[in-house]
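From first to last, the protein sequence lines are chains A and B. Under this note's numbering, the residues of the first sequence are numbered 1 to 303, in order. Under this note's numbering, the residues of the second sequence are numbered 304 to 553, in order.
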Amino acid sequence: MRWPLLLLVLFLLAFPPIASATGLEFYQGLLTKIMILALAASSLNLILGYGGMVSFGHAAYFGLGAYAVAILMREGISSGWVIWGVAVGLSALLALLIGAICLRTRGVYFIMITLAFAQMIYYLVVSFKQYGGEDGLRARRPEFGLFELTDTALYYLSLAVLAGALYLLHRLVHSRFGRVLQAIRENESRALALGYPVFHFQLVAFVLSGALAGLAGALMAHYTQYASPNLLAWQQSGHLMMMVILGGVGQFWGGVLGAATLSIVEEVLQDLTIHWQLGVGLILLFIVLFAPKGLAGLLRRRP
Amino acid sequence: MILLETQQLSKRFGGLLAVNSCNLEVRAGEVHALIGPNGAGKTTLLNLITGVLAPSKGQIRFDGQEITHLPAHARVHRGLARTFQITNLFKNYTVRVNLELAVQARRGSSFRFWQPVAKERALTEEAFQVAERVGLGRRFEVVAGQLSHGEQRALEVALALASKPKLLLLDEPMAGMGPEESARMVELIESLRQEFTILLVEHDMDAVFRLAQRISVLVYGQVIATGTPEEIRANPEVHRAYLGDEGGAA
Ligand SMILES: Nc1ncnc2c1ncn2[C@@H]1O[C@H](COP(=O)(O)OP(=O)(O)O)[C@@H](O)[C@H]1O
Ligand SMILES: [Mg+2]
């Protein structure tokens with residue numbers, strides 16, 4: 001894993017100058033989007049894959065992060081660091097409230113109630129006409145002091161945030177906490193019988209996941225310079241979930257691989273046919289049937 | 304000294320009173336057997352004691368304090384550990400990880416997010432000691448789901464031991480075992496007698512009469528008799544309600 005990873009990082013670091021020299025700026029944008037979605041999908045994978053909590057409401061935190069940027073910029077707060085702090089803090093708080101309620105349920109009920117909460121947030125935000133209602137809200141890029149947030153700066157910023165978050169997640173899943181979180185997924189009643197306060201572990205993971213999704217949402221708002229209600233919609237939750245399933249549920253690189261593959265496949269198929277969603281569906285079906293550990297599982301099987 | 308005491312403890316499932324005003328006393332240091340026909344409410348009683356189920360009525364006192372409303376995980380830290388009648392392990396994890404998880408639950412905080420747990424030698428060492436103790440030392444790196452039935456039952460006991468409980472609750476540890484495996488389990492429980500107070504739910508009467516200092520008989524969710532093995536053998540009511548169908552020879 002070490003060499004491919006190093007090569008990938010070098011490639012990503014070197015890409016922007018190469019792209020501008022060869023007129024491939026479009027792909028720099030695509031990579032920025034992929035890195036942001038990889039962060040969001042990886043945050044979902046923490047609770048879905050490692051925690052066994054099938055949350056169907058991840059768009060709530062993702063979208064809230066984006067709206068935090070747009071609204072604060074509109075209100076005249078333009079420090080990127082402050083805006084990030086608010087985006088992450090609000091998403092974490094929302095995850096705390098939603099998690100504290102939803103984590104008392106299991107199975108299908110959990111899926112439905114997380115979805116229901118996310119839909120409530122969606123309709124709540126859309127009902128605020130001063131924040132654009134169904135049209136969404138323009139989100140100018142904030143100031144980060146040290147640098148101007150150009151497209152290229154955003155690319156590197158997204159890369160840095162993704163790398164930092166992945167490092168954090170890697171430490172987390174191999175720590176004491178991570179081991180217990182996975183043990184709860186494996187066998188909840190056994191974990192409880194060993195004396196683990198199951199609810200607290202799940203809630204902490206849920207909040208962390210929501211916070212990271214909020215940060216991804218803020219980056220997405222920088223990228224599109226726009227907070228769209230679509231970011232809060234259930235389709236967005238489904239989209240992130242598809243990425244995790246495609247990349248590998250509970251596989252460390254699942255979120256990254258899924259976000260990259262799905263984004264590229266969509267890009268390619270969109271150009272070829274208007275029935276591109278059918279193609280995406282077929283690929284997903286193949287993965288679910290023949291590769292339950294997703295692309296990460298397929299890659300790992302090779303020596 | 305009385306370590307565990309239930310007072311008028313009841314659990315209702317819809318129309319069924321699975322545990323019915325149950326009074327049970329376990330003294331510190333004894334092996335106390337809980338016997339009774341299938342469906343008598345033995346497992347339900349253990350679930351009430353460990354906090355997996357909330358009682359409909361009554362009280363539970365443990366180690367001098369009331370624990371009736373304490374959450375299940377907190378009771379483990381007070382010194383209550385149990386095994387399950389139906390084997391309940393982390394089947395996809397090795398014996399090592401199963402036991403490390405059990406040791407970790409007792410030692411220090413598990414809200415540690417940074418250091419790799421796999422490098423914690425102290426966890427591994429203690430996990431290995433517990434494995435040795437139940438005869439699984441040589442199976443330490445084997446995935447739990449691939450152990451034989453008898454080995455899985457031993458691991459089940461080991462997981463409870465790793466929390467160093469004051470009271471060990473064993474729910475039919477010999478369930479589904481052949482005679483050889485059973486004999487080994489009886490030996491294991493005998494070896495634990497010095498160190499732990501044990502509440503043993505068991506069907507195998509030979510094992511019960513060999514291991515227990517006192518026996519309580521549960522029928523329809525009620526303790527109908529408590530006493531030494533001799534007293535229980537001689538109790539006509541127990542014979543009528545229970546021992547009769549196991550062969551009056553006992
Ligand atoms: N969760 C439950 N819901 C409804 N009924 C239950 C539940 N658990 C046990 N019972 C019923 O309670 C009675 C006692 O069961 P149990 O405690 O398992 O008996 P034992 O362990 O003595 O064989 C049985 O009739 C059983 O069907
Ligand atoms: Mg039972």
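For each residue, glycine too, the CB sits at the ideal point set by N, CA and C.
Inset, instruction - Consider the C-beta atom of Asn341/B and the heavy atoms of ligand 1; say whether any pair is separated by less than 7 Å. - result: For the purposes of this step, residue 341/B is identified with residue 38 of the second sequence, where counting begins at 1. Yes, the Cβ of Asn341/B comes within 7 Å of a heavy atom of ligand 1.
Legend entry - Check whether Ser359/B and Ser324/B have beta carbons under 8 Å apart: Stepping through the second sequence from its first residue, residue 359/B is reached at position 56. Stepping through the second sequence from its first residue, residue 324/B is reached at position 21. Cβ distance not < 8 Å, so Ser359/B and Ser324/B don't count as in contact.
Inset, instruction - Could you check which residue in Gln449/B, Lys467/B, Glu498/B and Met508/B has the C-alpha nearest to that of Ala478/B? - result: Residue mapping note: residue 478/B aligns to position 175 of the second sequence, counting from 1. When C-alpha distances from Ala478/B are compared across Gln449/B, Lys467/B, Glu498/B and Met508/B, the shortest belongs to Met508/B.
Inset, instruction - Write down every uninterrupted run of the alpha helix (DSSP H) in the stretch 415 to 492 of chain B whose length is 4 residues or greater and which is fully enclosed by it, in chain order. - result: Qualifying alpha helix (DSSP H) stretches, in chain order: 424 to 436 and 452 to 464.
Inset, instruction - Kindly examine ligand 1 and report whether one of its heavy atoms sits closer than 7 Å to the Cβ of Leu319/B. - result: Walking along the second sequence from the start, residue 319/B turns up at place 16. Leu319/B: yes, Cβ under 7 Å from ligand 1.
Legend entry - Amino acids of chain A, ordered along the chain, whose beta-carbon sits closer than 8 Å to that of Val379/B: Here the question's residue 379/B lines up with position 76 in the second sequence. Near Val379/B (Cβ distances below 8 Å), the residues of chain A are Ala193, Leu194 and Gly195.
Legend entry - Residues of its chain near Ala552/B, where Cβ-Cβ distance is below 8 Å and the 5 sequence neighbours each way are ignored: What you label residue 552/B is simply residue 249 of the second sequence in a count that begins at 1. Only weak support is given to the placement of Ala552/B: the predicted model assigns it a pLDDT of 40, under 50, and the question is left unresolved by the model.
Legend entry - Cβ pair Arg171/A, Trp417/B closer than 8 Å: Start at 1 with the first residue of the first sequence, and residue 171/A comes out as number 171. Start at 1 with the first residue of the second sequence, and residue 417/B comes out as number 114. It is a contact, given that the beta carbons lie within the stated cut-off.
Legend entry - Test item: CB-CB of Thr273/A and Tyr155/A under 8 Å: Locating residue 273/A in the first sequence gives position 273, where the first residue counts as 1. Locating residue 155/A in the first sequence gives position 155, where the first residue counts as 1. Not closer than 8 Å, so no.
Legend entry - Status (buried if at least 16 other CB within 10 Å, exposed otherwise) for Asp474/B: To locate residue 474/B, count along the second sequence from 1; it is residue 171. It counts as buried.
Inset, instruction - Compute every distance between the C-beta of Thr386/B and the non-hydrogen atoms of ligand 1, then say whether any falls below 7 Å. - result: In the second sequence, residue 386/B corresponds to position 83, counting from 1. Every heavy atom of ligand 1 is 7 Å or more from the Cβ of Thr386/B, so no.
Legend entry - Proximity test, Lys345/B beta-carbon vs ligand 1 heavy atom, cut-off 7 Å: Within the second sequence, numbered from 1, the residue matching residue 345/B stands at position 42. For ligand 1, at least one heavy atom lies less than 7 Å from the Cβ of Lys345/B.
Legend entry - Any chain A beta carbon closer than 8 Å to Gln368/B: Taking the first residue of the second sequence as position 1, residue 368/B is located at position 65. With 8 Å as the cut-off, Gln368/B does not count as an interface residue toward chain A.
Inset, instruction - Measuring only between beta-carbons, confirm whether Pro303/A sits less than 8 Å from chain B. - result: Counted from its first residue, the first sequence places residue 303/A at position 303. Legend: pLDDT at Pro303/A = 45, less than 50; position of this residue unreliable, no value from coordinates given.
Legend entry - Integer-rounded CB distance, given that Arg190/A should sit under 8 Å from Asn590/B: Because chain B in this structure spans residues 304 to 553, residue 590/B falls outside the shown range and cannot be described.
Legend entry - Thr500/B to Arg441/B span [Cα, whole Å]: Sequence index remark: in the second sequence, residue 500/B carries index 197 (1-based). Sequence index remark: in the second sequence, residue 441/B carries index 138 (1-based). Taking the straight line joining both Cα atoms gives about 28 Å.
Inset, instruction - Would you please verify whether the beta carbon of Ala553/B is less than 8 Å from any beta carbon of chain A? - result: Here residue 553/B refers to the residue found at position 250 when the second sequence is read from its first residue. With a pLDDT of only 38 at Ala553/B, under the threshold of 50, the placement of this residue in the model should not be trusted; the figure read from the coordinates follows. No, no contact with chain A.
Legend entry - According to DSSP, residues forming a beta bridge with Phe316/B: By 1-based counting over the second sequence, the position of residue 316/B is 13. Beta-bridge pairing links Phe316/B to Leu319/B.
Legend entry - Inside the stretch 13 to 67 of chain A only - beta strand (DSSP E) runs reaching at least 3 residues: Entirely contained in the stretch 13 to 67 of chain A, not one beta strand (DSSP E) run reaches 3 residues.
Legend entry - Beta carbon proximity, Val433/B to chain C, threshold 8 Å: This model lacks chain C altogether, as its protein chains are A and B.
Legend entry - Proximity of Leu337/B and Val504/B at Cβ, strictly below 8 Å: Residue numbering aside, residue 337/B sits at position 34 when the second sequence is read from its first letter. Residue numbering aside, residue 504/B sits at position 201 when the second sequence is read from its first letter. Yes, these two residues count as a Cβ contact at 8 Å.
Inset, instruction - Tell me, please, whether the CB atom of Asn187/A is closer than 8 Å to any CB atom in chain B? - result: Within the first sequence, residue 187/A is the residue found at index 187, counting from 1. Chain B contact via Cβ: present.
Inset, instruction - Sort Val379/B, Pro532/B and Gly481/B by Cα distance to Gly195/A and report the nearest one. - result: Position 195 of the first sequence, counted from the start, is the residue given in the question as residue 195/A. Considering only alpha carbons, the answer is Val379/B.
Legend entry - Entirely enclosed alpha helix (DSSP H) segments - the stretch 172 to 243 of chain A, minimum 4 residues: 176 to 186, 188 to 193 and 198 to 224
Legend entry - Segment limits, alpha helix (DSSP H) that includes Thr353/B: In the second sequence, residue 353/B corresponds to position 50, counting from 1. Lys345 to Thr353 is the span of the alpha helix (DSSP H), which, as asked, contains Thr353/B.
Inset, instruction - Please find out if some non-hydrogen atom of ligand 2 comes closer than 7 Å to the beta-carbon of Glu459/B. - result: Residue numbering aside, residue 459/B sits at position 156 when the second sequence is read from its first letter. No, Cβ of Glu459/B sits at least 7 Å from all heavy atoms of ligand 2.
Legend entry - Cutoff 8 Å: Arg436/B Cβ touching any chain A Cβ: Counting from 1 along the second sequence, the entry for residue 436/B is found at position 133. Output row for Arg436/B: interface = no.
Legend entry - For Gly530/B, the three-state DSSP class (helix, strand or coil): Locating residue 530/B in the second sequence gives position 227, where the first residue counts as 1. Reduced to three states, the DSSP call for Gly530/B is strand.
Inset, instruction - Compute the beta-carbon to beta-carbon distance between Ser519/B and His335/B, rounded to the nearest angstrom, for a pair I have assumed lies under 8 Å. - result: Within the second sequence, the letter at position 216 stands for residue 519/B. Within the second sequence, the letter at position 32 stands for residue 335/B. Going by Cβ atoms, the distance from Ser519/B to His335/B rounds to 7 Å, so yes, they are a contact pair.
Inset, instruction - Report yes or no: is there a C-beta of chain A within less than 8 Å of the C-beta of Leu402/B? - result: In the second sequence, residue 402/B corresponds to position 99, counting from 1. So, not an interface residue.
Inset, instruction - Note down, in chain order, each residue of its chain lying with its Cβ closer than 8 Å to the Cβ of Val291/B, except the 5 sequence neighbours on either side. - result: A query on residue 291/B cannot be resolved here, the shown segment of chain B reaching from 304 to 553 and no further.
Legend entry - 7 Å CB neighbourhood of Val288/A in its chain, flanking five on each side removed: Position 288 of the first sequence, counting from 1, holds the residue named residue 288/A. Cβ neighbours of Val288/A beyond the five flanking positions: Ile245.
Inset, instruction - Compute every distance between the C-beta of Phe416/B and the non-hydrogen atoms of ligand 1, then say whether any falls below 7 Å. - result: Counting from one through the second sequence, the residue named residue 416/B turns up at place 113. Answer for Phe416/B: no, Cβ out of range of ligand 1.
Legend entry - Neighbour flag for Phe177/A against chain B, beta carbons, 8 Å: To locate residue 177/A, count along the first sequence from 1; it is residue 177. So yes, Phe177/A belongs to the interface.
Inset, instruction - From the DSSP output, in three-state form, read off Glu266/A for me. - result: In the first sequence, counting from the first residue as 1, residue 266/A sits at position 266. Glu266/A: helix per DSSP, three-state reduction.
Legend entry - C-beta neighbour in chain A for Val420/B, strict 8 Å: By 1-based counting over the second sequence, the position of residue 420/B is 117. Answer yes: the Cβ-Cβ gap between Val420/B and chain A drops below 8 Å somewhere.
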